[in-house]
Each structure stands twice: as structure tokens, then as C-alpha cells.
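Colleague: One structure follows; several queries about it will come next.
Chains as they are written, first to last, in the numbering used here: chain A, 1 to 296; chain B, 297 to 738.
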């Protein structure tokens with residue numbers, strides 16, 4: 001007989017994992033939306049943020065001061081990337097920009113290890129991860145906390161985009177870069193602000209993922225979890241990143257438990273990409289992505 | 297300050313490299329080191345190679361080398377990547393006086409087997425490597441010292457049996473093996489099945505896809521299976537995530553038994569409180585209370601020549617593994633010197649030393665390593681050397697030994713190893729050695 005309670009438990013676990021994927025995906029979306037760059041260095045930024053924070057705290061810096069200092073460092077990193085890497089490459093092809101961020105990810109990873117060493121670190125955010133039970137279903141306190149943080153982050157960005165001048169400038173640049181330039185917006189300033197926002201997302205995601213996995217080099221690999229989310233939700237939609245994350249999280253967990261045994265297990269990573277590929281064929285711009293219409 | 301320390305370290309490494317690259321003197325024995333101090337596995341690499349170098353330094357400073365033969369080395373960074381490991385091999389293989397290769401990497405070791413066999417230099421794969429390379433009749437130059445994966449499997453099952461009150465109490469128990477989705481992770485699948493059939497326990501083996509940073513579905517399946525024990529055959533980030541996810545689904549951590557690559561501080565510290573009570577197998581105890589460790593602290597670190605940047609890592613799992621590896625390499629040279637003279641030996645001569653590497657508990661104690669590891673008994677056809685295992689439990693700050701030294705069931709495993717080695721010999725057209733074929737080539 002089908003075990004519905006177990007099904008719900010797997011589903012809830014998948015949805016909560018999906019929130020964590022969304023957090024990484026949002027960083028990609030912010031930059032892609034305004035500059036058309038798929039920032040492969042997002043994972044490295046996440047690692048850099050978490051490693052900087054935990055290294056400061058381990059040296060006796062208070063928690064909130066450590067978070068503040070890391071935030072300042074991430075802002076400086078974002079501005080530097082825009083100045084040193086992206087600005088000289090304006091008007092280059094998307095592939096050139098993508099390769100630049102690929103190279104950037106190696107530079108950031110190397111710099112993180114050079115500055116803070118190669119040891120792995122634990123990161124305790126003070127959230128007890130003892131599960132609690134709702135109707136026989138165990139729910140992780142930490143994952144629930146992460147979902148609240150992700151929700152707060154998305155709300156903050158939504159308000160920022162809607163009600164602030166910089167936010168409106170983001171949207172204008174995202175809609176049409178040339179039109180934005182024509183009305184006097186300074187593209188470089190907007191891009192610097194976008195990279196700063198991506199740095200903030202990297203810090204938040206880095207702390208949550210770092211508390212989950214430990215702060216170590218493989219933290220940068222979480223970008224691989226974001227890619228199918230982006231394909232599914234669309235590369236330029238924050239809402240898409242959220243919905244895509246939830247869907248991918250749920251699908252990969254259900255696939256692993258119910259379909260995995262037919263293939264000998266271990267299918268969840270590629271199952272997510274199978275779903276993403278299917279979406280790519282049916283709806284190339286993703287669920288919420290902007291459809292690209294070009295005059296040829 | 298950190299940056300300047302890194303620069304100083306780089307300058308020191310360069311100086312060491314330049315020094316080691318100078319022409320070898322007649323009384324030097326050389327260790328080429330395919331180390332990994334940057335990249336995803338740097339934490340393990342710095343510990344292991346740090347321990348190895350610390351022991352070589354101890355022998356040089358305290359004893360003036362092995363019977364007057366100075367030990368030298370040069371590091372080549374591999375980042376744990378096979379192609380870089382092979383490149384380092386090709387670059388350093390012609391250095392005079394190469395004693396043995398110690399890559400601490402399954403991938404690099406596999407890529408080197410044909411090369412070192414042709415060049416007649418020992419390849420040491422302590423606690424890892426091809427299981428069938430235990431059979432020295434087929435693999436004359438490969439030494440998976442102390443523990444191969446099959447012995448590890450048997451040791452873990454024997455330990456669980458001890459906790460349950462004997463092997464007869466395993467019947468009806470449910471054991472889940474959670475393994476890394478790689479050839480390394482899958483290597484022991486048939487052996488766990490063999491032991492399940494032998495002892496009558498129920499077995500489920502669940503794969504975690506690489507890198508293992510998401511395990512919710514696997515642990516929910518474990519909870520549903522009502523497992524009595526979970527064997528964690530993990531690697532890297534998979535280990536702390538397993539411990540954290542076990543906590544999420546309410547699985548008792550002291551019923552998770554880690555394998556030899558899930559047993560370090562790097563595996564438990566990131567898991568925080570979720571790791572308290574976790575048990576893992578090891579061939580060498582951790583801690584710095586052993587006389588050989590104390591000598592290293594006093595003689596090597598006291599002279600400012602210690603290899604670890606962070607002295608708190610002295611006595612950690614990987615550091616002690618490196619020290620034990622150093623002891624085994626040095627003793628193999630010492631044994632070979634008894635036959636060939638107190639001079640720089642060829643790789644093939646050192647191979648003969650390894651094939652007579654028999655250190656009983658009394659000799660281990662004389663080396664200052666009583667309690668650090670048990671003993672080893674390598675012969676020309678048994679290149680593992682019947683290493684004993686023990687189990688350690690993480691208390692939140694350090695590992696604590698919680699078992700006696702346990703012997704795996706070597707007799708049951710040997711026929712399987714010989715069968716696999718024979719298949720390898722047939723495939724590679726290798727003549728199976730007899731005890732008459734062990735002489736050193738001229």
C-alpha cells in the first residue's frame with residue numbers, strides 16, 4: 001500500500017531543499033537580468049563570503065561585526081569585478097563574458113585559499129537542527145529558517161526594485177540597455193550596484209549553505225544545483241528562481257526515492273537535469289523567463 | 297599578516313624545492329611527493345604530507361638520516377588531479393635515489409601502476425588503492441599498506457558484531473551502506489553482500505551522487521528501512537552532510553560507522569553537534585601523546601622545521617597517518633639496507649625492504665609508536681601486511697579510541713583478492729610470481 005505520509009515527508013524535504021537552490025539561483029538572475037552575463041563565479045563568491053565570515057569569527061570578531069565586515073568586502077569585490085573585468089569587456093559577446101566569469105571563479109577560489117587557508121570550518125548560526133514533527137512528518141528547523149530568510153530576501157528585492165531609484169534603474173537596464181543609456185542612466189554604476197547585490201546574495205547563501213555543508217572548498221560546487229533551477233524558472237526572473245528551485249528540489253527527491261531504485265539509485269543529480277532539458281525543449285525561456293523576440 | 301605568511305611559506309617551499317633539486321649525494325635517499333596543498337582536498341593533503349615530512353625531518357635531525365643516509369624530498373602540486381599527478385611523476389622519476397612514491401590518491405595511484413612496474417619503484421597506497429594489489433604475486437611494486445578496502449569492510453562488520461555481542465547476533469539486523477557514487481564508493485558492494493550472506497544480516501546499499509552535498513532522500517529511505525546501523529563510505533563534503541542529515545531525520549549518530557576516508561577531523565568539524573558520538577574506523581589513533589609525536593614536537597617543531605602551519609593540527613588523523621606512513625617507508629629502507637648496505641638504494645632494493653616490512657608490537661613500541669598503530673607483517677605475496685584496525689568516537693572536540701585492535705577476516709577475503717589479481721594478470725599478460733622470483737633485478 002502506498003505510504004502517503006512518507007511521500008509527504010519526501011516532498012516537504014524536497015521543497016525545503018529547493019529553497020536553498022533558489023538562494024543560489026537568485027544571485028545568477030540578478031546579474032543576468034541586468035547585464036546578460038551568466039556569472040559562473042557566483043559559487044566562488046559564495047565560498048569567498050562564507051570563508052571570510054567564518055575566518056573572522058574564528059579570530060574573535062563578534063558575529064554581527066563579522067557579517068558587516070564580510071558585507072563590505074563583498075561589496076568591494078563586486079565593484080572591483082565590474083571595474084577590472086566587466087567594464088573592459090563591454091560590447092563583447094556573451095560567450096566572452098561567460099568565459100571571463102569562469103576565469104574569475106578560479107581567481108576568487110584561489111584568493112580565498114591564499115587568504116584564509118585550506119582548512120574546513122564548521123559554521124554555527126545558532127539554529128538547532130533537531131527536527132520537529134507535524135502529523136508524523138519530520139520537518140527540519142534549519143531548512144524552515146532558510147526558507148524564511150529566502151522569503152525575506154526576495155521580498156526585500158521586490159520592494160527595492162519597485163520603490164527605489166536604483167531599483168527602477170535596474171529594471172530599466174534589464175528591459176533595454178540602450179534605452180536606459182539614452183535617458184541618461186549610467187550603465188557602469190548600475191552594473192556595480194548589481195554586482196554588489198549579487199555579493200549580498202552570495203553572503204546570505206554562503207552562510208546558510210556553509211552552516212549546512214561546512215565551510216569548505218566544495219561550497220563553490222553548489223552552483224551546479226542552481227543551473228537546472230535557472231533553466232526551469234528562466235534566467236531573468238527572481239520569481240522563476242524561487243518556483244524553479246521548489247520544483248527542482250521536489251522532483252529530484254521524489255525521483256531518487258521512487259524512480260531511483262529502478263536504476264540502481266544515485267539519480268537525483270541527473271534527474272534534475274533531465275527535467276531541465278525537457279523544459280529547454282518545450283519552453284526555452286523557462287517558466288517565467290522573458291521570451292526573446294528578435295528582428296531578423 | 298596572513299598574506300605575508302603565505303608568501304613566506306611559498307618562498308620556503310621554493311627554497312626547499314631548489315635545495316632538493318640539487319644533484320643527489322651518494323648518501324641520500326629521495327622521496328618524490330605528489331602532494332596537494334591547494335584545491336578541494338587540500339585539508340587532507342596538508343595533514344598527510346605534513347606528517348610524512350615531519351617524520352623524515354625527525355630522522356634527519358635526530359639520527360642524521362637512516363644509518364647516515366640523508367632523506368630528501370621534493371613536492372609537486374597535483375591538486376588531487378590525475379593528470380597533474382602523472383606529470384609530477386614524469387618530472388621527478390629520473391631524480392637519483394628515488395625510494396618510493398606515496399601519492400595518497402586512488403586516481404593517481406591507478407594511473408601509475410604500469411609506470412612504476414616498468415621503472416621498478418614501489419608505489420605505496422596506505423589504506424587505499426586497488427584491493428587486489430594486496431596480491432604481491434601479481435603486483436610486485438604496489439603496496440596497499442595496513443588496510444585495503446575489503447579488509448576495511450570486514451573490520452567494520454566485525455566491530456558491529458562486537459557491539460552486538462558476537463557475529464551470531466548479526467542475524468536479523470539491518471545494515472545500510474551509504475556509499476559515494478564513484479568507483480571508490482562502489483568497490484566494496486560485493487564484499488558487504490558476501491558478509492551479509494555469511495552472517496545473515498539484512499543489507500541495503502544506497503548511493504549518494506558526487507559530491508554528496510544533498511542527502512535528504514537517502515536518509516529518509518534509511519529511516520523508512522529502520523536500519524540498525526549505517527556504514528558511511530563517504531568522501532569529502534559527503535561526510536558532514538551525512539551526519540547533519542542523519543540528525544534531521546532523527547537517526548542516532550552513534551550507530552553510524554564511518555570508513556577510513558570518513559574518519560578525520562575535516563569530516564566531523566563541519567557537522568558541528570550533529571557529529572558528537574559518531575564512530576569511525578582507523579588504522580592509526582589520533583592524538584599527540586605518543587612518544588614519536590612528542591619527539592617530533594620537540595625536535596622538529598622545536599627547531600622551527602615543522603611542516604604544519606597550524607600547530608593545533610599536530611596529532612590529527614591525517615597528520616598521524618602521514619607519520620605512520622613515514623615510519624613504514626623509513627623502516628623499509630632500514631630493512632633493505634641490512635641486505636644491500638648503508639647507501640643510497642635503488643627503487644627495486646627498497647621494494648625488497650617493503651616485502652620484508654615486519655614490525656611487531658615490540659618494534660612499534662621501540663619506534664615510539666605504541667598505541668599509534670598496532671603492527672604490520674608484509675611479505676612478498678601479501679602487500680597489505682595484515683594491519684589491525686581500531687574504532688574512534690568523536691566527542692565534539694577530539695577523537696577517542698573506543699575499541700581494541702580488531703583483525704579483519706583476511707582468510708575469507710584472500711581467495712577473492714587472488715581471483716581478481718589473477719584476472720588482472722591474465723588481462724595484462726603478467727606472469728604470476730613465485731617466491732623464487734623476488735630477487736632484485738641488477
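For each residue, glycine too, the CB sits at the ideal point set by N, CA and C.
#1: Would you kindly work out how many angstroms separate the C-alpha atoms of residue 462 of chain B and residue 452 of chain B, rounded to a whole number?
#2: Comparing C-alpha positions only, which one of B/625, B/457, B/353 sits nearest to residue 646 of chain B?
#3: What does residue 336 of chain B touch in chain A if you count any residue whose Cβ is under 7 Å from its own?
#4: Smallest Cα separation from residue 690 of chain B: which of B/554, B/324, B/472, B/345?
#5: Would you mind telling me which residues of chain A sit closer than 9 Å to residue 487 of chain B, beta carbon to beta carbon, in chain order?
#6: What distance in whole Å lies between the Cβ atoms of residue 138 of chain A and residue 823 of chain B, which are believed to be in contact at a cut-off of 8 Å?
#7: Using DSSP with H/G/I as helix, E/B as strand and the rest coil, what is residue 526 of chain B?
#8: Looking only at DSSP bridge pairs, what is residue 134 of chain A linked to?
#9: Does the separation of the CB atoms of residue 304 of chain A and residue 202 of chain A fall below 8 Å?
#10: Going by the beta-carbon positions, is the gap between residue 769 of chain B and residue 497 of chain B smaller than 8 Å?
#11: Within 8 Å of any Cβ in chain B, is that where the Cβ of residue 221 of chain A sits?
#12: Does any C-beta atom of chain B lie closer than 8 Å to the C-beta of residue 105 of chain A?
#13: Rounded to whole angstroms, what is the Cα-Cα separation between residue 47 of chain A and residue 74 of chain A?
#14: Using three-state DSSP, classify residue 476 of chain B as helix, strand or coil.
#15: Using a Cβ-Cβ cutoff of less than 6 Å, which residues in the same chain neighbour residue 557 of chain B once the five nearest sequence positions on both sides are dropped?
#16: CA-CA distance, residue 320 of chain B and residue 526 of chain B?
#17: In chain order, what residues of the segment 230-252 of chain A put their CB closer than 7 Å to some CB of chain B?
#18: Which residues share a DSSP beta bridge with residue 578 of chain B?
#19: Going by alpha carbons, who is nearest to residue 618 of chain B out of B/344, B/333, B/577, B/658?
#20: Taking Cβ positions, are residue 398 of chain B and residue 633 of chain B nearer each other than 8 Å?
#21: On the premise that residue 222 of chain A lies in contact with residue 24 of chain A, defined as a C-beta separation below 8 Å, what is that separation, rounded to the nearest angstrom?
#22: Taking Cβ-Cβ distances shorter than 8 Å, what residues in chain A pair up with residue 520 of chain B?
#23: So which of B/437, B/731, B/427 has the shortest CA-CA distance to residue 445 of chain B?
#24: Using C-beta distances below 8 Å, list every residue in its chain close to residue 701 of chain B, excluding the 5 sequence neighbours before and after it, in chain order.
#25: Tell whether a beta-carbon distance below 8 Å holds between residue 512 of chain B and residue 541 of chain B.
#26: Just to confirm before moving on: does the CB-CB distance between residue 325 of chain B and residue 592 of chain B stay below 8 Å?
#27: Measure the CB-CB distance between residue 192 of chain A and residue 104 of chain A and report whether it falls below 8 Å.
#28: Residues of the segment 126-141 of chain A in Cβ contact with chain B at a cutoff of 8 Å, in chain order, please.
#29: Of the residues B/391, B/351, B/590, which one's Cα is nearest the Cα of residue 415 of chain B?
#30: Mapping the DSSP letters down to three states, classify residue 595 of chain B as helix, strand or coil.
#31: For my contact list, residue 640 of chain B and residue 365 of chain B are in at a C-beta cut-off of 8 Å; report their separation, rounded to the angstrom.
#32: Mind pulling the chain B residues with CB within less than 8 Å of residue 80 of chain A?
#33: Around the Cβ of residue 575 of chain B, are there at least 16 other Cβ atoms within 10 angstroms (buried) or fewer (exposed)?
#34: List, in chain order, every chain A residue whose beta-carbon is nearer than 8 Å to that of residue 584 of chain B.
#35: Going straight from the alpha carbon of residue 233 of chain A to that of residue 477 of chain B, what length do you get?
#36: Can you tell which of B/631, B/693, B/459, B/387 has the C-alpha that lies nearest to the C-alpha of residue 673 of chain B?
Modeller: Inspection of the coordinates gives the following:
#1: Position 166 of the second chain, counted from the first residue, corresponds to residue 462 of chain B. Position 156 of the second chain, counted from the first residue, corresponds to residue 452 of chain B. Rounded to the nearest angstrom, the two C-alpha atoms are 13 Å apart.
#2: Along the second chain, one-based indexing puts residue 646 of chain B at 350. It is B/625.
#3: Your numbering for residue 336 of chain B matches position 40 in the second chain. Within chain A, the residues near residue 336 of chain B are 217, 218.
#4: For this step, residue 690 of chain B is matched to residue 394 along the second chain. Considering only alpha carbons, the answer is B/554.
#5: As a first step, residue 487 of chain B is located in the second chain; it is residue number 191 there, counting from the start. Residues of chain A passing the Cβ test: none, with the nearest at roughly 17 Å.
#6: With chain B represented from 297 up to 738, any question about residue 823 of chain B goes unanswered, as that position is not in the structure.
#7: The residue given as residue 526 of chain B occupies position 230 in the second chain. In the structure shown, residue 526 of chain B sits in a strand (DSSP, three-state: E or B).
#8: Counted from its first residue, the first chain places residue 134 of chain A at position 134. Residue 134 of chain A pairs with A/137.
#9: What is shown of chain A runs 1 to 296, which leaves residue 304 of chain A out entirely.
#10: No answer is possible for residue 769 of chain B: the residues shown for chain B start at 297 and end at 738.
#11: Counting from one through the first chain, the residue named residue 221 of chain A turns up at place 221. For residue 221 of chain A, the answer is yes, since a Cβ of chain B falls inside 8 Å of its Cβ.
#12: What you label residue 105 of chain A is simply residue 105 of the first chain in a count that begins at 1. Judged by the 8 Å Cβ criterion, residue 105 of chain A is not in contact with chain B.
#13: On the first chain, residue 47 of chain A is found 47 positions in, with the first residue counted as 1. On the first chain, residue 74 of chain A is found 74 positions in, with the first residue counted as 1. Their Cα atoms are separated by approximately 11 Å.
#14: In the second chain, the residue the question calls residue 476 of chain B occupies position 180. Residue state, collapsed to three classes: strand.
#15: Mapped onto the second chain, residue 557 of chain B falls at position 261. Correct list, in chain order: 531.
#16: As a first step, residue 320 of chain B must be located in the second chain, where it is residue number 24. As a first step, residue 526 of chain B must be located in the second chain, where it is residue number 230. Caution is warranted here: a pLDDT of 48 is assigned to residue 320 of chain B, below 50, making its placement in the model unreliable, and the coordinate value is therefore given only provisionally. C-alpha of residue 320 of chain B to C-alpha of residue 526 of chain B: approximately 51 Å in a straight line.
#17: Within the segment 230-252 of chain A, no residue has a Cβ that lies closer than 7 Å to any Cβ of chain B.
#18: Counting from 1 along the second chain, the entry for residue 578 of chain B is found at position 282. B/686, per the DSSP bridge assignment.
#19: One-based indexing of the second chain puts residue 618 of chain B at position 322. Cα-wise, what sits closest to residue 618 of chain B is B/344.
#20: As a first step, residue 398 of chain B must be located in the second chain, where it is residue number 102. As a first step, residue 633 of chain B must be located in the second chain, where it is residue number 337. No, the pair does not count as a contact, with Cβ atoms beyond the cut-off.
#21: To locate residue 24 of chain A, count along the first chain from 1; it is residue 24. To locate residue 222 of chain A, count along the first chain from 1; it is residue 222. About 5 Å; that satisfies the 8 Å criterion.
#22: Along the second chain, one-based indexing puts residue 520 of chain B at 224. Those within 8 Å of residue 520 of chain B in chain A are 3, 6.
#23: Here residue 445 of chain B is taken as the residue at index 149 of the second chain, counted from 1. That would be B/427, whose Cα lies nearest to the Cα of residue 445 of chain B.
#24: Numbered from its first residue, the second chain carries residue 701 of chain B at position 405. Once the five neighbours on either side are set aside, the close Cβ partners of residue 701 of chain B are 670, 684, 685, 686.
#25: Residue mapping note: residue 512 of chain B aligns to position 216 of the second chain, counting from 1. Residue mapping note: residue 541 of chain B aligns to position 245 of the second chain, counting from 1. Yes. Within cutoff.
#26: Walking along the second chain from the start, residue 325 of chain B turns up at place 29. Walking along the second chain from the start, residue 592 of chain B turns up at place 296. No; because the gap between Cβ atoms is not below 8 Å, this pair is not in contact.
#27: Start at 1 with the first residue of the first chain, and residue 192 of chain A comes out as number 192. Start at 1 with the first residue of the first chain, and residue 104 of chain A comes out as number 104. Not closer than 8 Å, so no.
#28: Contacts with chain B (Cβ-Cβ distance below 8 Å) from the segment 126-141 of chain A involve 129, 130, 131, 138, 140, listed in chain order.
#29: For the purposes of this step, residue 415 of chain B is taken as the residue at position 119 of the second chain. Comparing Cα-Cα distances from residue 415 of chain B to each of B/391, B/351, B/590, the minimum goes to B/391.
#30: As a first step, residue 595 of chain B must be located in the second chain, where it is residue number 299. Secondary structure of residue 595 of chain B (DSSP, three-state): helix.
#31: Here residue 640 of chain B is taken as the residue at index 344 of the second chain, counted from 1. Here residue 365 of chain B is taken as the residue at index 69 of the second chain, counted from 1. The pair is a contact, with the Cβ atoms about 6 Å apart (cut-off 8 Å).
#32: Stepping through the first chain from its first residue, residue 80 of chain A is reached at position 80. What residue 80 of chain A touches in chain B: nothing, since even the nearest Cβ is about 17 Å away.
#33: Within the second chain, numbered from 1, the residue matching residue 575 of chain B stands at position 279. Buried: at least 16 other Cβ atoms inside 10 Å.
#34: By 1-based counting over the second chain, the position of residue 584 of chain B is 288. The contact set of residue 584 of chain B on chain A, defined by CB atoms closer than 8 Å, is empty, because the minimum CB distance reaches about 18 Å.
#35: Residue 233 of chain A sits at position 233 when you count from the first residue of the first chain. Residue 477 of chain B sits at position 181 when you count from the first residue of the second chain. If I take the Cα positions, the gap works out to 28 Å.
#36: As a working note, residue 673 of chain B is residue 377 in the second chain. Nearest option by C-alpha distance: B/631.
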